[in-house]
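See structure below.
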Amino acid sequence: MENTAYHTKMVHKVMLYAYMTNVYSSRKIELALQENINFM
């Protein structure tokens with residue numbers, strides 16, 4: 573198993589939530605993680 577900066581399950585949950593809310597751009601996901609409490 574790799575030693576990554578972020579837990580794999582957490583990244584999966586963020587990506588799933590992003591796609592469910594029609595956010596597809598990685599830059600928009602990054603911005604949403606900084607500004608939107610629902611993404612955290």
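Take any residue in the sequence shown, note its place counting from 1, add 572, and you have its number in this note's numbering. Quick reminder that beta carbons are idealized off the backbone N, C-alpha and C, glycines included.
{"Check": "Sort 596, 577 and 589 by Cα distance to residue 609 and report the nearest one.", "Outcome": "589"}
{"Check": "Identify the continuous alpha helix (DSSP H) that holds residue 604 and give its terminal residues.", "Outcome": "598-607"}
{"Check": "Taking 6 Å as the limit between beta carbons, can you name the residues of its chain near residue 601, skipping five residues before and five after?", "Outcome": "590 and 595"}
{"Check": "Short check: CB of residue 586 to CB of residue 605, under 8 Å?", "Outcome": "yes"}
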